[in-house]
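**Student:** Have a look at the structure that comes next, please.
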Amino acid sequence: MIVLNKVFHFCAAHRYGNPAMSEAENLAAFGEDLNIHGHNYVLTVSVSGEVNPATGFLVDLGHLKEVVKEYVLQQVDHSQIELDIPWFEGRQPSTENMVVWIWDQIASHLKDGQLHRIRLQETPTIFTDYYGPE
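Residue 7 in numbering that gives the first Met the number 0 is what sits at position 8 of the sequence shown, and the numbering runs on without skipping anything.
What follows is the structure, given as structure tokens:
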């Protein structure tokens, strides 16, 4: 199996908190992340499939870039995720939830290959991988 990976970057802010929890419970669960803070995210979109024998390519990278730009980056870049993206209403803006949202934004718009994995890196030492719905 061949997997092509394309890397994108965006900046976004978020804050954690659960209105159903007390201030003490929120502090215990989220610590300093109760405050609005931002990240320079690294998004890796991985696509698998058959190589087109005429081009030698798995996907049209221009198409992939346009899909990610239109359906992900234009919404999330320089946003406050939980306030600016309706899908996050009632959900934490964690990388665990973000990869699901990103997958849903991209999967149905690809014309070549299939989405294989979404990797979202929040810090140099934290990233989340998602291989799609079960």
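By construction, the Cβ of each residue, glycine as well, lies at the ideal position given by its N, Cα and C atoms.
Out of Gln74, His8 and Ile125, point me to the one whose CA is closest to glutamine 104's CA.
**Tutor:** Gln74
**Student:** Beta-carbon separation of leucine 60 and lysine 110 under 8 angstroms?
**Tutor:** no
**Student:** Any idea which residues DSSP pairs histidine 38 with across the strands?
**Tutor:** According to DSSP, which records beta bridges pairwise, histidine 38 is partnered with Ala11.
**Student:** Helix, strand or coil, according to DSSP, for glutamine 73 in the structure here?
**Tutor:** helix
**Student:** From the DSSP output, in three-state form, read off phenylalanine 29 for me.
**Tutor:** helix
**Student:** Let's see if you can read the secondary structure: which residues bound the alpha helix (DSSP H) around leucine 63?
**Tutor:** 60 to 67
**Student:** Since alanine 12 and glutamine 120 are thought to touch, with beta carbons under 8 angstroms apart, how far apart are those beta carbons, to the nearest angstrom?
**Tutor:** Alanine 12 to glutamine 120, Cβ: 16 angstroms. No contact.
**Student:** On a CA-only basis, which of Phe126, Ile117, Asn34 and Ser21 is nearest serine 47? Give me that one, please.
**Tutor:** Ranked by how close their Cα comes to the Cα of serine 47, the residues Phe126, Ile117, Asn34 and Ser21 have Ile117 in first place.
**Student:** Is it true that the CB of valine 58 sits closer than 8 angstroms to the CB of glycine 131?
**Tutor:** no
**Student:** For the putative contact between aspartate 76 and phenylalanine 9, defined by C-beta atoms under 8 angstroms, what is the C-beta separation to the nearest angstrom?
**Tutor:** Yes, aspartate 76 and phenylalanine 9 are in contact; Cβ-Cβ is about 4 angstroms, under 8 angstroms.
**Student:** Suppose you measure from the CA of leucine 63 to the CA of leucine 72; what does that come to, to the nearest Å?
**Tutor:** 12 angstroms
**Student:** Taking the alpha-carbon positions, what's the aspartate 32 to tyrosine 15 distance?
**Tutor:** 6 angstroms
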